[in-house]
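Residue 5 is where the sequence shown starts when you use the working numbering, and the numbers rise one by one after that.
Heads up: the structure comes next, in structure tokens.
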Amino acid sequence: MTSYQLLFAAFALASGLTASAQVNEMAVDVKKPGAAIQPTMYGLFFEDINYGADGGLYAELVKNRSFEFPQRLMAWKTFGTVEVLSDGPFERNPHYIRLSGPGHAHKHTGVENEGYFGMGVKQGEAYRFSVWARIAQDAPAPSKIRVELVKPNSSSEWHALAAQELTVDAKGWKKYQLTLTPAATEAKATLRIFLTSPVPVDLEHISLFPEGTWKGHENGLRKDLAQALADVKPGVLRFPGGCIVEGTDLATRYDWKKTVGPVENRPLNENRWHYTFPHRFYPDYYQSGGLGFYEFFLLSEEIGAEPLPVISCGLACQFQNNHPEAHVPVADLAPYIQDALDLVEFANGDEHSTWGKVRAEMGHPAPFNLKLIAIGNEQWGAEYPERLEPFIKAIRKAYPNIKIIGSSGPGSEGEQFDYLWPEMKRLNVDLVDEHFYRPESWFLSQGTRYDGYDRKGPKVFAGEYACHGKGKKWNHFHASLLEAAFMTGLERNADVVHMATYAPLFAHVEGWQWRPDMIWFDNLNVVRTTSYYVQQLYALNKGSHVLPLTMSQKPVAGGENQNGLFASAAWEERDNTVIVKVVNTSGKPQPISVSFAGLKKKETLTGSACVKLSTGDVDKDNTLEHPLAITPQESPLSISGSTLSATIEPYTFAVYKLVKAAGK
Ligand code: AHR
Numbered sequence: 005m006t007s008y009q010l011l012f013a014a015f016a017l018a019s020g021l022t023a024s025a026q027v028n029e030m031a032v033d034v035k036k037p038g039a040a041i042q043p044t045m046y047g048l049f050f051e052d053i054n055y056g057a058d059g060g061l062y063a064e065l066v067k068n069r070s071f072e073f074p075q076r077l078m079a080w081k082t083f084g085t086v087e088v089l090s091d092g093p094f095e096r097n098p099h100y101i102r103l104s105g106p107g108h109a110h111k112h113t114g115v116e117n118e119g120y121f122g123m124g125v126k127q128g129e130a131y132r133f134s135v136w137a138r139i140a141q142d143a144p145a146p147s148k149i150r151v152e153l154v155k156p157n158s159s160s161e162w163h164a165l166a167a168q169e170l171t172v173d174a175k176g177w178k179k180y181q182l183t184l185t186p187a188a189t190e191a192k193a194t195l196r197i198f199l200t201s202p203v204p205v206d207l208e209h210i211s212l213f214p215e216g217t218w219k220g221h222e223n224g225l226r227k228d229l230a231q232a233l234a235d236v237k238p239g240v241l242r243f244p245g246g247c248i249v250e251g252t253d254l255a256t257r258y259d260w261k262k263t264v265g266p267v268e269n270r271p272l273n274e275n276r277w278h279y280t281f282p283h284r285f286y287p288d289y290y291q292s293g294g295l296g297f298y299e300f301f302l303l304s305e306e307i308g309a310e311p312l313p314v315i316s317c318g319l320a321c322q323f324q325n326n327h328p329e330a331h332v333p334v335a336d337l338a339p340y341i342q343d344a345l346d347l348v349e350f351a352n353g354d355e356h357s358t359w360g361k362v363r364a365e366m367g368h369p370a371p372f373n374l375k376l377i378a379i380g381n382e383q384w385g386a387e388y389p390e391r392l393e394p395f396i397k398a399i400r401k402a403y404p405n406i407k408i409i410g411s412s413g414p415g416s417e418g419e420q421f422d423y424l425w426p427e428m429k430r431l432n433v434d435l436v437d438e439h440f441y442r443p444e445s446w447f448l449s450q451g452t453r454y455d456g457y458d459r460k461g462p463k464v465f466a467g468e469y470a471c472h473g474k475g476k477k478w479n480h481f482h483a484s485l486l487e488a489a490f491m492t493g494l495e496r497n498a499d500v501v502h503m504a505t506y507a508p509l510f511a512h513v514e515g516w517q518w519r520p521d522m523i524w525f526d527n528l529n530v531v532r533t534t535s536y537y538v539q540q541l542y543a544l545n546k547g548s549h550v551l552p553l554t555m556s557q558k559p560v561a562g563g564e565n566q567n568g569l570f571a572s573a574a575w576e577e578r579d580n581t582v583i584v585k586v587v588n589t590s591g592k593p594q595p596i597s598v599s600f601a602g603l604k605k606k607e608t609l610t611g612s613a614c615v616k617l618s619t620g621d622v623d624k625d626n627t628l629e630h631p632l633a634i635t636p637q638e639s640p641l642s643i644s645g646s647t648l649s650a651t652i653e654p655y656t657f658a659v660y661k662l663v664k665a666a667g668k
């Protein structure tokens, strides 16, 4: 129980309040399970924003590892004689550095990488340093470097947390590696490399990864962050954006083909979020492509989510650049359409097909079984449907079973929304992606949003949503509570809403551009916000079918005389459980009684558990200092006969779980 719940219980006892307040009488009919709730219903949306990929989920600790940032030595300090050369071994990343000896035992040449806001390293854990190197031409063998993890501003005598020598023994390019094991935990270490012999050396693709990545993959993901995703048990993973897909211009759109194959040869791309908001400007924000489409597919598979790639429809980000030059003429779309077809082949083709072979060579001969693809992100105007149409024709022809997702634009309603929905129907897309970043009043008013949607048209994908709250775009409990309330309406309408993903997913506390976000992190720690827990509670307690739940014959959606309550109910076929979700958005305790009608003769319903998410201060959320301040609390649940009676505390999201048994 939270301190608030304890206080409330004491208050309720003293005042006899639970006995006297008006009871909100709800009814659930368990006899006729309604629409199936799709396995994809509750998922995740990953965008490469807020240092969510490089500097975040992607476990690489070195920034600008291939010296391809426009300022070639960005993120690197140099000392002694360091040159940048451009005829390296990787065609698409040709730059590398040459360290030359100063010819004096007490003078040093070297480089030092700052990482992403420093490098987070943990005491006793192994870090794999790797580098492509050669003895600089015409020099005698061998050359030596010392590789160190350095503690910043250390007052101790010895700065290095770990140090190893590496001998470069060949004149040709070769990959070398060694292991560094830090003697202490440090959030802001740097990586320093000294030339320790007089023989000059060339270095390229300098990399440092924890050996303990998620599932141990070499080009892997940060374990704690990936685990947070897995713990949601998401049904779908949408990636890699968001506006990042579109680019600020066509040249910087997210081109999936540049993110597969050997990491050393994946070209750098600009991250459009580095300059999107001048008040949060990150001039060193680029995309290494190290977390690319192969890694996204693999992650989806490993967390049990259907992969949902989003690709460019030939329009750059219309917010940023709606200039005709940033629109591919419809007649020239062929290469973009081919990218979509090739992506399906990359995911699903057999290992002898052109792109299936690329996937197999990367380590996954079996297909990823892609079923969904989104064309375009938040596009608008006639320029969108006229581009989407030829994509749809080509995909339907080649891959009739792939479901295609179109967009209703950037707004939750309004002119573009009203124009694009009929267009999406006309084009017969399978799902329409709706986005809403809206204030509290909007979320409170949208409980019945989907009740009147056309059941015969495309299905809904609520692809990006978050409650901003009090006009301020920050994570706090009240916003997540209203998200929970809104989601009862998604669940109740599961016949038309097939997928929903909160957004965005990750944010580095020192490098964010957009908030609220579901998961915050620094270089060593992760914080699951209350919005995270709302999503997780829905995903873990999804149910397989909707059950009708009403109060005075009406859906419970914060309406008149409903006392700020929102509710939905579901049945889970697998274990014959009944799940009731109730959100009390009011500042008052609300007694509820839920009667379950339609039980068969001898069938019984037993209380199993009640899980609540609540706090005394709705302006608070979990923080780095107190990551577990507000978490779901589980308690046993008992019911009397076929009626559940309970009191739901102010500002509380409750999930009641009951088991249906055949009886004797
Ligand atoms: O998630 C942040 C941005 O919000 C996404 O890139 C875009 O789709 C939406 O406007």
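For glycine and all other residues, C-beta sits at the position ideal for the given N, C-alpha and C.
C-beta atoms of residue i and residue j nearer than 9 Å
i: L376; j: L303; result: no
i: G380; j: R363; result: no
i: V598; j: M78; result: no
i: I197; j: I149; result: yes
i: G413; j: L431; result: no
i: T252; j: Q324; result: yes
i: T194; j: N117; result: yes
i: D173; j: A145; result: yes
i: H482; j: G473; result: yes
i: H439; j: A489; result: no
i: I583; j: K661; result: yes
i: K604; j: A574; result: no
i: N28; j: M366; result: no
i: N273; j: Y258; result: yes
i: T610; j: S642; result: yes
i: G385; j: V314; result: no
i: T505; j: L48; result: yes
Beta strand (DSSP E) segment containing residue i, residue limits
i: S639; result: Q637 to P640
i: N588; result: T581 to N588
i: G318; result: Looking at the DSSP string, G318 is not in any beta strand (DSSP E), and its letter there is neither H nor E.
i: N352; result: Note, N352: premise wrong, no beta strand (DSSP E); alpha helix (DSSP H) at A338 to N352.
i: P214; result: V205 to P214
i: A166; result: A164 to V172
Near ligand 2: residue i beta-carbon under 8 Å from a heavy atom
i: Y441; result: Ligand 2 is absent from the structure shown, which contains only ligand 1.
Residue i burial status per 10 Å Cβ neighbour count (16 or more: buried)
i: F281; result: exposed
i: G308; result: exposed
i: R578; result: exposed
i: A166; result: buried
i: G334; result: Looking at the sequence itself, residue 334 is Val, so the reference to Gly does not match. Result: exposed.
i: G645; result: exposed
i: F213; result: buried
i: P136; result: Residue identity differs from the one stated: residue 136 is Trp in this sequence, not Pro. By the neighbour-count rule (16 or more Cβ atoms within 10 Å), W136 is buried.
i: P37; result: buried
i: P669; result: Outside the displayed range of the chain (5 to 668) lies residue 669, so it cannot be described from this structure.
i: P204; result: buried
i: W425; result: buried
i: I652; result: buried
i: E87; result: exposed
CB-CB length for residue i against residue j, believed under 8 Å
i: Q2; j: A191; result: Any question about residue 2 goes unanswered here, given that the chain covers just 5 to 668.
i: M45; j: G239; result: 6 Å
i: T608; j: A665; result: 5 Å
i: W218; j: L225; result: 4 Å
Any non-hydrogen atom of ligand 1 closer than 8 Å to residue i Cβ
i: W516; result: no
i: E51; result: yes
i: A507; result: yes
i: G246; result: yes
i: N326; result: no
i: E417; result: no
i: P414; result: yes
i: E468; result: yes
i: E382; result: yes
Opening and closing residue of the alpha helix (DSSP H) in which residue i lies
i: H502; result: First-last for H502: V501 to Y506, but that is the beta strand (DSSP E), not the alpha helix (DSSP H).
i: W359; result: T358 to E365
i: T492; result: F481 to R496
i: H234; result: Note that residue 234 corresponds to Ala in the displayed sequence, not to His. K227 to A234 is the span of the alpha helix (DSSP H), which, as asked, contains A234.
i: M428; result: E419 to L431
i: Q181; result: No alpha helix (DSSP H) holds Q181; the beta strand (DSSP E) holding it covers K178 to L184.
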